[in-house]
Amino acid sequence: MYRETISFLGTDIQRGESKVLEFDVAKLHTRNSIKVPIFVERAEQDGPVLLLLGGVHGDEINGVEIVRRIIRNKINKPRRGTIVCIPVFNIFGFLNLSRKFPDGRDLNRVFPGSAKGSLASQFAYQFKKEIAPFVDYVIDFHSGGGNRVNVAQTRCVLEDTVTIELAKAFSAPFIVQSKTIPNSLREAFSKLGKTSLLFEGGKSMLYDEEAIQYGVQGAKNVIRYLDMKRFKAVPQEASIIIKKSKWLRASHSGMFHVRVKNGAWVTKKTVIGLITDPFGDFERKVYAPSDCYVFCINISPIVNRGDALFHVSLEVE
129 MYRETISFLG TDIQRGESKV LEFDVAKLHT RNSIKVPIFV ERAEQDGPVL LLLGGVHGDE
189 INGVEIVRRI IRNKINKPRR GTIVCIPVFN IFGFLNLSRK FPDGRDLNRV FPGSAKGSLA
249 SQFAYQFKKE IAPFVDYVID FHSGGGNRVN VAQTRCVLED TVTIELAKAF SAPFIVQSKT
309 IPNSLREAFS KLGKTSLLFE GGKSMLYDEE AIQYGVQGAK NVIRYLDMKR FKAVPQEASI
369 IIKKSKWLRA SHSGMFHVRV KNGAWVTKKT VIGLITDPFG DFERKVYAPS DCYVFCINIS
429 PIVNRGDALF HVSLEVE
């Protein structure tokens, strides 16, 4: 959707303008204001509006670093259209090194929000009202939660032809079928008729250089695909599309030893992990249930029965 005038947070952005806006979230109990910086770059030539979003979960710093590098290297300066960058969306969580808002809620589970709800809900409401309606495409950068490490991947509903083409253009190693979660940011954009792509790479509270590089290059690929800016094409292999997947869970509690590289293709009955006791009396092997890709691994040294250990493919394209 192309517009003569673009407005965010009540501020008009004219052709050729660069602006840093401040999304006034709330005040701390010390009365200090908390504001989310929003970087807007609009070209002279009309085109789509692309939002690059990091830090929806405050402890997922890979997404923050991806958007930071995009700004630092001026990748976000288009020759056509508008690129909006929000490196740290959940500023509260980022300050507290926490996934959640101070009210204990997951920001990615409270959309569309409420003007009179919890703090997270009010934040979601304001974002949906003041920013979300004015963008056309969104790339939302995430990492695995807790001790789960994700291989660089994009997630979308595979039946959505527009989003799957965007995912193919992004060109992460994997594209994973992922239903839209109720009350998520992705659902909110979908209901507004926007195209939203979710990126996952690495784990929370740890820089993963490979995932970061995939994220930055993927954003450049999408910007080129949308004809917003010209970049030199980088040879890349086509993404592996995972149409169906499952979690392998711990059959016992104990010490957990990973025996497979994340992202690897393994054959049925390959030993991909071990669960042991600390004393040398007990050992259980974790086998690949079929020929499959392993695209997320739990790296916790201690696991409990029922914990998710490996995310593996069941059906690929």
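Residue numbering for the sequence shown follows the numbering used here, beginning at 129 and increasing consecutively.
Every residue, glycine too, gets a C-beta built ideally from N, C-alpha and C.
Are there 16 or more other CB atoms within 10 angstroms of the CB of residue i, so buried, or fewer, so exposed?
i: Leu-178; result: buried
i: Asn-432; result: exposed
i: Tyr-335; result: exposed
i: Ser-146; result: exposed
i: Phe-217; result: buried
i: Leu-437; result: buried
i: Ala-366; result: exposed
i: Asp-268; result: buried
i: Lys-163; result: exposed
If you follow the beta strand (DSSP E) that residue i is in, where does it begin and where does it stop?
i: Phe-151; result: 146–155
i: Arg-377; result: 368–377
i: Ala-436; result: 436–444
i: Glu-338; result: Careful: Glu-338 lies outside any beta strand (DSSP E), inside the alpha helix (DSSP H) at 337–353.
i: Thr-282; result: 276–284
i: Val-140; result: Looking at the sequence shown, residue 140 is not Val but Asp. Here the beta strand (DSSP E) through Asp-140 covers 139–141.
i: Ser-324; result: 323–331
In terms of residue numbering, what span does the alpha helix (DSSP H) encompassing residue i cover?
i: Phe-136; result: Run containing Phe-136: none in the alpha helix (DSSP H); it sits in the beta strand (DSSP E), 134–136.
i: Arg-197; result: 189–200
i: Thr-291; result: 289–298
i: Leu-181; result: From DSSP, Leu-181 is part of no alpha helix (DSSP H) but of the beta strand (DSSP E) over 173–182.
i: Ala-248; result: 247–258
i: Glu-315; result: 313–319
i: Gly-221; result: 219–224
Would you identify the three-state DSSP class for residue i, choosing helix, strand or coil?
i: Ile-214; result: strand
i: Ser-381; result: coil
i: Val-263; result: coil
i: Lys-413; result: strand
i: Arg-237; result: helix
i: Arg-159; result: coil
i: Gln-364; result: coil
i: Thr-404; result: strand
i: Phe-423; result: strand
i: Arg-207; result: coil
i: Phe-269; result: strand
Quick check on this structure: which residue in the options has the alpha carbon closest to the alpha carbon of residue i?
i: Gly-274; options: Lys-205, Asn-311 and Ser-332; result: Ser-332
i: Gly-241; options: Arg-227, Lys-256, Asp-174 and Arg-197; result: Lys-256
i: Tyr-353; options: Ala-154, Pro-206 and Arg-196; result: Pro-206
i: Leu-149; options: Ile-141, Asp-140, Ile-166 and Thr-158; result: Ile-166
i: Asp-409; options: Asn-426, Cys-424, Ala-392 and Met-383; result: Met-383
i: Gly-144; options: Glu-172, Ser-271 and Tyr-265; result: Glu-172
i: Thr-398; options: Lys-413, Thr-291 and Thr-404; result: Lys-413
i: Pro-406; options: Ile-400, Ile-430 and Ile-194; result: Ile-430
i: Gln-142; options: Asp-174, Ser-161, Val-164 and Lys-163; result: Asp-174
Report task. Count the CB pairs spanning the stretch 352–371 and the stretch 309–322 that are closer than 8 angstroms, and state whether there are at least three. Result -> Taking a contact to require three or more Cβ pairs closer than 8 angstroms, the stretch 352–371 and the stretch 309–322 do not qualify as touching.
Query raised in the report: Pairing CB atoms from the stretch 386–397 with CB atoms from the stretch 227–235, are three or more of them under 8 angstroms?
Result: In short, these stretches do not touch, since the Cβ pair count stays below three.
Query raised in the report: Do the stretch 246–260 and the stretch 341–356 meet, that is, are 3 or more Cβ pairs less than 8 angstroms apart?
Result: No, because fewer than three Cβ pairs between the stretch 246–260 and the stretch 341–356 fall closer than 8 angstroms, the two stretches do not touch.
Query raised in the report: How do the stretch 141–159 and the stretch 178–195 stand: do at least 3 beta-carbon pairs fall below 8 angstroms, yes or no?
Result: Flag = no, the stretch 141–159 and the stretch 178–195 do not touch.
Query raised in the report: Contact between the stretch 322–342 and the stretch 279–288: three or more CB pairs below 8 angstroms?
Result: When Cβ pairs closer than 8 angstroms are counted between the two stretches, the stretch 322–342 is seen to touch the stretch 279–288, the count reaching three or more.
Query raised in the report: Does the stretch 368–384 touch the stretch 412–421, meaning 3 or more C-beta pairs lie closer than 8 angstroms?
Result: Taking a cut-off of 8 angstroms on C-beta distances, the stretch 412–421 touches the stretch 368–384, as three or more cross pairs fall below it.
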